[in-house]
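Asks: For the protein sequence lines, the chains are A and B, in the order given. Under UniProt numbering, the letters of the first sequence match residues 1 to 354, in that order. Under UniProt numbering, the letters of the second sequence match residues 1 to 354, in that order.
Protein chains: 2
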Amino acid sequence: METFPKKPAKPRAEKTRVGAVTLRDVARVANVSVATASRALTGTGLASAETQKRLIQVAADLGYRPNTFARGLKTKSSKLIGLAIHNLENASFRVLAEVVQTRMRALGYEVILSITSDDPGQERSTLATLADHSIDGLIVVPTGANGPQLLGLENAGIPVVCVVRRDEGALLESVLAADPEGAYAGTRHLLALGHRRIGLIVGREDTTSGKERLAGYLRALHEAGLPVDRALIHHGRYVPETGVTAANALLALKEPPTALFVANHESSLGVLRVVSERGISVPDDLSLLCYEDTPWFEWQRPALSVVDSGASEMANLVVDRLMQRIGGAANGGREYRVGVRLIERASCRALEGR
Amino acid sequence: METFPKKPAKPRAEKTRVGAVTLRDVARVANVSVATASRALTGTGLASAETQKRLIQVAADLGYRPNTFARGLKTKSSKLIGLAIHNLENASFRVLAEVVQTRMRALGYEVILSITSDDPGQERSTLATLADHSIDGLIVVPTGANGPQLLGLENAGIPVVCVVRRDEGALLESVLAADPEGAYAGTRHLLALGHRRIGLIVGREDTTSGKERLAGYLRALHEAGLPVDRALIHHGRYVPETGVTAANALLALKEPPTALFVANHESSLGVLRVVSERGISVPDDLSLLCYEDTPWFEWQRPALSVVDSGASEMANLVVDRLMQRIGGAANGGREYRVGVRLIERASCRALEGR
DNA sequence: CTGTTAGCGCTTTCAT
DNA sequence: ATGAAAGCGCTAACAG
Numbered sequence: 001m002e003t004f005p006k007k008p009a010k011p012r013a014e015k016t017r018v019g020a021v022t023l024r025d026v027a028r029v030a031n032v033s034v035a036t037a038s039r040a041l042t043g044t045g046l047a048s049a050e051t052q053k054r055l056i057q058v059a060a061d062l063g064y065r066p067n068t069f070a071r072g073l074k075t076k077s078s079k080l081i082g083l084a085i086h087n088l089e090n091a092s093f094r095v096l097a098e099v100v101q102t103r104m105r106a107l108g109y110e111v112i113l114s115i116t117s118d119d120p121g122q123e124r125s126t127l128a129t130l131a132d133h134s135i136d137g138l139i140v141v142p143t144g145a146n147g148p149q150l151l152g153l154e155n156a157g158i159p160v161v162c163v164v165r166r167d168e169g170a171l172l173e174s175v176l177a178a179d180p181e182g183a184y185a186g187t188r189h190l191l192a193l194g195h196r197r198i199g200l201i202v203g204r205e206d207t208t209s210g211k212e213r214l215a216g217y218l219r220a221l222h223e224a225g226l227p228v229d230r231a232l233i234h235h236g237r238y239v240p241e242t243g244v245t246a247a248n249a250l251l252a253l254k255e256p257p258t259a260l261f262v263a264n265h266e267s268s269l270g271v272l273r274v275v276s277e278r279g280i281s282v283p284d285d286l287s288l289l290c291y292e293d294t295p296w297f298e299w300q301r302p303a304l305s306v307v308d309s310g311a312s313e314m315a316n317l318v319v320d321r322l323m324q325r326i327g328g329a330a331n332g333g334r335e336y337r338v339g340v341r342l343i344e345r346a347s348c349r350a351l352e353g354r
Numbered sequence: 001m002e003t004f005p006k007k008p009a010k011p012r013a014e015k016t017r018v019g020a021v022t023l024r025d026v027a028r029v030a031n032v033s034v035a036t037a038s039r040a041l042t043g044t045g046l047a048s049a050e051t052q053k054r055l056i057q058v059a060a061d062l063g064y065r066p067n068t069f070a071r072g073l074k075t076k077s078s079k080l081i082g083l084a085i086h087n088l089e090n091a092s093f094r095v096l097a098e099v100v101q102t103r104m105r106a107l108g109y110e111v112i113l114s115i116t117s118d119d120p121g122q123e124r125s126t127l128a129t130l131a132d133h134s135i136d137g138l139i140v141v142p143t144g145a146n147g148p149q150l151l152g153l154e155n156a157g158i159p160v161v162c163v164v165r166r167d168e169g170a171l172l173e174s175v176l177a178a179d180p181e182g183a184y185a186g187t188r189h190l191l192a193l194g195h196r197r198i199g200l201i202v203g204r205e206d207t208t209s210g211k212e213r214l215a216g217y218l219r220a221l222h223e224a225g226l227p228v229d230r231a232l233i234h235h236g237r238y239v240p241e242t243g244v245t246a247a248n249a250l251l252a253l254k255e256p257p258t259a260l261f262v263a264n265h266e267s268s269l270g271v272l273r274v275v276s277e278r279g280i281s282v283p284d285d286l287s288l289l290c291y292e293d294t295p296w297f298e299w300q301r302p303a304l305s306v307v308d309s310g311a312s313e314m315a316n317l318v319v320d321r322l323m324q325r326i327g328g329a330a331n332g333g334r335e336y337r338v339g340v341r342l343i344e345r346a347s348c349r350a351l352e353g354r
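1. The alpha helix (DSSP H) with Gly147(B) in it runs from where to where?
2. Given that Gln101(A) touches chain B, what residues does it touch there, using C-beta distances under 8 Å?
3. Evaluate contact between the stretch 235 to 253 of chain A and the stretch 168 to 184 of chain A, counting only Cβ atoms and requiring at least three cross-stretch pairs below 8 Å.
4. Are there three or more Cβ pairs, one per stretch, closer than 8 Å when the stretch 44 to 62 of chain B is compared with the stretch 21 to 29 of chain B?
5. What residue ranges within the UniProt domain "HTH lacI-type" (21 to 75) of chain B form continuous alpha helix (DSSP H) runs of no fewer than 4 residues, ordered along the chain?
6. Please report whether the beta-carbon of Pro148(A) lies at a distance below 8 Å from any beta-carbon of chain B.
7. Under the DSSP definition of a beta bridge, which residues are partnered with Arg341(B)?
8. List the residues of chain A that Gly270(B) touches, going by C-beta distances under 8 Å, in chain order.
9. On the DSSP bridge list, what partners appear for Tyr291(A)?
10. Compile a chain-ordered list of the residues in the UniProt domain "HTH lacI-type" (21 to 75) of chain B whose CB is closer than 7 Å to at least one CB of chain A.
11. Does DSSP classify Val275(B) as helix, strand or coil?
12. List, in order along the chain, the chain A residues whose C-beta lies closer than 9 Å to that of Ala97(B)?
13. Less than 7 Å between C-beta atoms, sequence neighbours within five positions excluded: which residues of the same chain meet that for Ala185(B)?
14. I want to verify the contact list: residues of chain A whose CB lies under 8 Å from the CB of Thr129(B), in sequence order.
15. In this structure, how does DSSP classify Val18(B) when only helix, strand and coil are distinguished?
16. Under three-state DSSP, which class holds Leu138(A)?
17. According to DSSP, simplified to helix, strand and coil, what is Ala215(B)?
18. Let me confirm a value: residue 361(B) is counted as buried when at least 16 other C-beta atoms fall within 10 Å, else exposed. Which label applies?
19. Determine the DSSP secondary structure at Leu130(A), reduced to helix, strand or coil.
20. Going by alpha carbons, who is nearest to Leu107(B) out of Ser125(B), Leu322(B) and Ala84(B)?
21. For Tyr336(B), does the three-state DSSP call read helix, strand or coil?
22. Residues of the stretch 226 to 248 of chain B with a CB closer than 7 Å to any CB of chain A: list them in chain order, please.
23. Can you list, in chain order, the residues of its chain whose CB lies under 7 Å from that of Gly43(A), leaving out five sequence neighbours each side?
24. Count the other CB atoms, across all protein chains shown, that sit within 10 Å of the CB of Gly182(A); report buried if there are 16 or more and exposed otherwise.
25. Identify whether Ser268(B) lies in helix, strand or coil by the three-state DSSP scheme.
26. Is the Cβ of Ser92(A) closer than 8 Å to any Cβ of chain B?
27. The beta strand (DSSP E) with Val202(A) in it runs from where to where?
28. Based on Cα-Cα distance, which residue from Ala220(A), Ala259(A), His265(A) and Ala156(A) lies nearest to Val202(A)?
29. Around the C-beta of Ser117(B), are 16 or more other C-beta atoms found within 10 angstroms, so that it is buried, or is it exposed?
30. Would you mind reading off the limits of the beta strand (DSSP E) that contains Gly236(A)?
31. Could you check whether the Cβ of Leu289(A) sits closer than 8 Å to any Cβ belonging to chain B?
32. Can a CB atom of chain B be found closer than 8 Å to the CB of Glu173(A)?
33. Classify Val99(A) as helix, strand or coil using the three-state DSSP reduction.
34. Got a sec: is the Cβ-Cβ distance from Thr312(B) to anything in chain A below 8 Å?
35. With DSSP collapsed to three states, give me the class of Leu251(A).
36. Give me, in chain order, the residues of the same chain whose beta-carbon lies closer than 8 Å to that of Glu154(B); leave out the 5 immediate sequence neighbours on both sides.
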């Protein structure tokens, strides 16, 4: 743990604002017991409509703010939820963070952000820390290596919902993209346009998304009665460099593809660079279809067609699920899939003479 | 506040893990009083080196995790810090979030993320909520409209450090980019390349950054003895659309600029689109210099030259400053500036016959 | 419907 | 160096 020099704590404003008004103060002013004040203010328990109104008024006048610690000590609830994601650069993760935080705030919760870098070690330690803070729930893009810890949280009474990825080792509620259908739909689109040699750039086969997207691609090909040319399929890590390597390999083929399905979101940048450097014109020389929408796909010229995996829909659904769980719903271990949507822009064209 | 249906709370694992081990348990097993256990474990107060070692062992064996609420109730410290930023889409803000969260975790703090959308109302309410959670410190990109509230936090003993933007209405410690120098350096670069008509796309004049960057641009021009053509300067909000409007206006000029300085980060996308649509070749027909680096500037072809405003350096510095403040340093109301860095890539060329 | 009371788990005087 | 005990501010029985 990084350390930091601790100055000899100069006299500074006390952390407890002097005279921070407590429930006792409110009760005293209103001439009731703290218990009544508590009931009136929390709305729980029974309090005469009149006293309630009066207490709320007094509390407001005094500028009363309940102490989170004291309340949490009793209720075990922190009104904090954890959000553990790989990074903020991937468009889906970024949207996830934005939507989750916005909605959670509206629901009276704050979110503790934790970036795991897809590293099991970091995920493990962050899980422990979040538990220490008594989060009321956790939304996590699991690395897949900490199923037991995730289940541990559940057993400790902290609802966990996975999103985007699933932890194969734990029966957890999960909100995922419809990756098999997405890749299928994208491939079908290209097929319908007359393309027969379709290059696929996709995540590694040891990731669920990599596997599922490949499956969708293959299914579309099979249904079309087309042979599978393994040389057209390139697996790689979720980084731009993958796009460079893959695009270069694919375009150097004796019989290069007429269309590229970039189903590895992060690779898009790399692919675009290669295409530009090789002087290839999109969509005239090559059709390009990406996966997971991001604002700049639309600003790009030509605007990039995309299979949108519905990041914000997933985010909203995962919030809904978590709230249900916090509200008492049992962990069904159920899996939810958000459908994809094909957004046609200008990077794919129909092949001549099809 | 968004509401949510509350199911009748089915019997679910208790929130308090059954038998969560408390300090009392540790003390009992180690045959000491809770007081001694507390002292030994926190390292504070005096405890014989031996008992301390033993307690730490016992605590580990029992899987003891201190209760954050109980501790906070006494210490007034939550080990939580707030991060209030406009959005996660802007490259600088995103980097800020990543760096702050990573470093803070290493320092033993978690960060509560709050997105304000640059909206004073949201900022105000989030400030109150963060205070309720007894954050130990706040890093904020201020909207500028809530100086009093920010000062209020300070008075309540919660150190506040501003970053990227400054709140003109409050004397708060701030970590900023060296915007005047940045715009000056960028303009000088273009000038040195022989450009005489340099278009400037910049933030609105009622924002500090807009003002400061314009000033830097003007200074460079003056020093070069060049007249200022107001038609070459375009102010606008921090959105891609601004780039479209501005670029179109600038390029439609009778005597169009030979270089464009896009000192409004968000506008870059829009400018790029216009340039592409107009069939303008960069840097042959037009030199392009952007502000605030972002990964895709480097992947773009031609790679975009940029005045990097040092987002990650600002993030690191703001964390350092906040830690000093939490450690007891007084609010100097001091302003720190992180120097910019010109990164030459391939989007600017020297003008013939200069 | 309201008041009294007993803690939640921890840190911190104050004794010893 | 250690223990006993007093709360931190709040909620939740339990009486009334």
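We treat Cβ as the ideally placed atom computed from N, Cα and C, and that holds for glycine.
Replies: Put simply:
1. Note, Gly147(B): alpha helix (DSSP H), Gly147 to Asn155.
2. Leu113, Ser114 and Ile115
3. no
4. yes
5. 23 to 30, 34 to 42, 49 to 62 and 68 to 75
6. no
7. Asp308(B)
8. Trp299
9. Val307(A)
10. Arg65, Thr68, Phe69, Ala70, Gly72 and Leu73
11. helix
12. Leu88, Ala97, Leu113 and Ile115
13. Val307, Val340 and Leu342
14. Arg105 and Glu110
15. For Val18(B), the predicted model reports a pLDDT of 45, less than 50, meaning its position is unreliable; a value from the coordinates is still stated below. Coil at Val18(B), not helix or strand.
16. Strand, per DSSP.
17. Looking at Ala215(B) - three-state DSSP - the assignment turns out to be helix.
18. Chain B is shown only over 1 to 354; residue 361(B) falls outside these bounds and no answer can be derived.
19. helix
20. Per the Cα distances, Leu322(B).
21. strand
22. Listed in chain order, the positions of the stretch 226 to 248 of chain B with a beta carbon within less than 7 Å of a beta carbon of chain A are Pro240.
23. Hits under 7 Å: none found.
24. By the 10 Å Cβ count, Gly182(A) comes out buried.
25. helix
26. Residue contact check for Ser92(A) against chain B: no CB pair falls below 8 Å.
27. Ile198 to Gly203
28. His265(A)
29. exposed
30. Ile233 to Gly236
31. no
32. For Glu173(A), the answer is no, since every Cβ of chain B falls outside 8 Å of its Cβ.
33. helix
34. Checking the displayed sequence, the identity of residue 312(B) turns out to be Ser instead of Thr. Closer than 8 Å: no.
35. helix
36. Val160, Leu172 and Asn331
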